[in-house]
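Colleague: What follows is a structure written as structure tokens; I'll ask about it next.
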Amino acid sequence: MPSGYIPGALGLALFVVLVAAAKLAGGKVRDNWEHGIGLYGLGLFLWGQYSGLFVAPREAMMGDVGRILYVHVPAAWISMMAFTWAFAGSFGSLMLQAPQQLPKILGATGAGGALGIAAAVALDGTPRKLAAFFGVLLVLAFLECLVLYLGHRFFGWDADSADHFAESSTETGIVLGLLLLFLGAVFAKPTWGTYWTWDPRLTASAIMVLTFVGVSLLRATVSDPDTRRSWVSVATVIAYINIPITYMAVKWWRTMHQLQSTPNTLDSDMTFWLRVNAWAFLFLAMWFVARGWRIAAARAAAEAPPPLPPAREVAR
Amino acid sequence: MIFATGGVIVGGWNFVWTAYGATWLVLAGYALSLWWRGRKEAR
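Okay, structure coming up:
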């Protein structure tokens, strides 16, 4: 089988080309570039779904029921990915409230991250793990701030646009998360004999979706745009704490749900079709988020109060 | 119809079709909702 990374690499290259074309060409290309990535995702989706149903081999123990893997696992991965985008958008919204501070934050997080990694290399045992954890965290913060800085400088991102991105990503994550829970129940019945059990992974997944539903409800209940943006951003950052817990639940608490499969534990054909479907879900999710981002921005523009009259007219 | 022989699950296509059908329905429904809301905001 060819590498399952090829469809993803092609899609990501297409994404870069489309974004560059949108920036350079403007006009209709700027307003519709995401349809290209959506169509690519749809093509991969049709291919991946047909192959998951009729081409991929039967799972050794689960038989044909194992084919649910090709929708259940991508839904899980990409819902977590969408919540990660929501976190990035909300963190970005908080950072972009003072964009002039970004170069200083970049310097601090970059230096801190390098120090943490250097300490992790030099130390042993628990101090090494702690240094590595905080070093990686700071490097990730540095990378996010770098993206924000470039986005602010070249694409005009501000706190509002980052918040609209977070809103759209949260919505996409909830849709995929609810789908994930349903698919998990359908998968569980023939394999575990029950639709639901209070397994740590299942419980953490349900909490993950419900927490982000709560974030969306918070967004719907606060009327002042600035207060709403700040509160929702903080709530999203807090809600995100559960994502690594959900991911690691199968390792930390071993009960019903299996450990994550790897290419070492999965047939190479199954790995390939799983990756095709995962890339399809990813590119479709990118289309969902981009469209939702535009809708959120358009709604905010429509809700904004009319501009004040010029100062001279007020004086008269 | 589903049963297990020798620890291997046999059958269960109804669960497979339910899972795939729900996936198609949810993704298509969400795409349509975005398309419809986009048109509404554009107006």
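Residue numbers (our numbering), protein chains in the order written: chain A, 32 to 347; chain B, 707 to 749. For glycine and all other residues, C-beta sits at the position ideal for the given N, C-alpha and C. All figures in this text were calculated on a predicted structure; none of them were measured in a lab.
Could you tell me if residue 63 of chain A is buried or exposed, where buried requires 16 or more neighbouring beta carbons within 10 angstroms of its beta carbon?
Modeller: When all chains shown are included, residue 63 of chain A counts as exposed.
Colleague: Is it right to say residue 292 of chain A is buried, meaning 16 or more other beta carbons lie within 10 angstroms of its own, or is it exposed?
Modeller: Residue 292 of chain A should be labelled exposed.
Colleague: With the cut-off set at 8 Å, would you say residue 99 of chain A and residue 313 of chain A are in Cβ contact?
Modeller: Contact: no.
Colleague: On the DSSP bridge list, what partners appear for residue 90 of chain A?
Modeller: Note: residue 90 of chain A sits in a beta bridge opposite A/94.
Colleague: Residue 160 of chain A to residue 151 of chain A, Cα distance in whole Å?
Modeller: Looking at the two C-alpha atoms, the distance is approximately 7 Å.
Colleague: Anything in chain A within Cβ reach of residue 749 of chain B, meaning under 7 Å, just list it in chain order.
Modeller: Within chain A, no residue comes near residue 749 of chain B; the closest Cβ sits about 10 Å away, beyond 7 Å.
Colleague: Does the CB of residue 217 of chain A have a neighbour CB from chain B at under 8 Å?
Modeller: Yes, residue 217 of chain A lies at the interface with chain B (some Cβ there is under 8 Å from its Cβ).
Colleague: Count the other CB atoms, across all protein chains shown, that sit within 10 Å of the CB of residue 260 of chain A; report buried if there are 16 or more and exposed otherwise.
Modeller: Buried, by the Cβ-count rule.
Colleague: Given that residue 705 of chain B touches chain A, what residues does it touch there, using C-beta distances under 8 Å?
Modeller: Coverage of chain B is limited to positions 707 through 749, which leaves residue 705 of chain B absent and any answer about it impossible.
Colleague: Taking residue 82 of chain A as the reference, which of A/335, A/214, A/300 has the closest Cα?
Modeller: Out of A/335, A/214, A/300, A/300 has the C-alpha closest to the C-alpha of residue 82 of chain A.
Colleague: Report the rounded CA-to-CA distance for residue 268 of chain A versus residue 712 of chain B, giving the unit in angstroms.
Modeller: Their backbone Cα atoms lie some 48 Å apart in a straight line.
Colleague: Hey, could you find the ends of the alpha helix (DSSP H) residue 287 of chain A is sitting in?
Modeller: First-last for residue 287 of chain A: undefined, no H or E at that position.
Colleague: Any contact of the region 719 to 727 of chain B with the region 235 to 252 of chain A, i.e. 3+ C-beta pairs under 8 Å?
Modeller: Verdict: no, contact absent.
Colleague: What is the DSSP secondary structure of residue 227 of chain A, counted as helix, strand or coil?
Modeller: Residue 227 of chain A: coil per DSSP, three-state reduction.
Colleague: Just to confirm, are residue 310 of chain A and residue 42 of chain A a CB contact at a threshold of 8 Å?
Modeller: For residue 310 of chain A and residue 42 of chain A, yes; Cβs fall inside 8 Å.
Colleague: Measure the CB-CB distance between residue 226 of chain A and residue 235 of chain A and report whether it falls below 8 Å.
Modeller: No, the Cβ-Cβ distance between residue 226 of chain A and residue 235 of chain A is not below 8 Å.
Colleague: Contact between the region 163 to 171 of chain A and the region 130 to 148 of chain A: three or more CB pairs below 8 Å?
Modeller: With the cut-off at 8 Å, the region 163 to 171 of chain A and the region 130 to 148 of chain A touch.
Colleague: Taking DSSP as the reference, what is the three-state secondary structure of residue 64 of chain A?
Modeller: Residue 64 of chain A falls in the coil class under three-state DSSP.
Colleague: Let me check understanding here. Comparing Cα to Cα, which of A/295, A/329, A/284, A/266 lies closest to residue 125 of chain A?
Modeller: For residue 125 of chain A, the nearest C-alpha among the options comes from A/266.
Colleague: Taking one C-beta from the region 738 to 745 of chain B and one from the region 112 to 122 of chain A each time, how about it: are there three or more such pairs within less than 8 Å?
Modeller: Because the criterion of three Cβ pairs below 8 Å is not met, the region 738 to 745 of chain B and the region 112 to 122 of chain A do not touch.
Colleague: State the Cα-Cα distance for the pair residue 728 of chain B and residue 213 of chain A, rounded to the nearest angstrom.
Modeller: C-alpha separation (whole angstroms): 8 Å.
Colleague: For residue 80 of chain A, count the other beta carbons within 10 Å of its own beta carbon; 16 or more makes it buried, fewer makes it exposed. Which is it?
Modeller: With 16 or more Cβ atoms within 10 Å of its Cβ, residue 80 of chain A is classed as buried.
Colleague: Tell me which same chain residues have a C-beta within less than 7 Å of the C-beta of residue 231 of chain A, skipping the five on either side of it?
Modeller: If we look at residue 231 of chain A and ignore the five residues flanking it on each side, its Cβ neighbours are 280, 284, 286.
Colleague: Shortest alpha-carbon distance to residue 328 of chain A belongs to which of A/121, A/191, A/176?
Modeller: Selected option, being the one with the closest Cα: A/191.
Colleague: Counting pairs of beta carbons, one from the region 173 to 183 of chain A and one from the region 86 to 96 of chain A, are three or more of them closer than 8 Å?
Modeller: These segments do not touch.
Colleague: Helix, strand or coil for residue 293 of chain A? Go by DSSP, reduced to three states.
Modeller: Residue 293 of chain A: coil per DSSP, three-state reduction.
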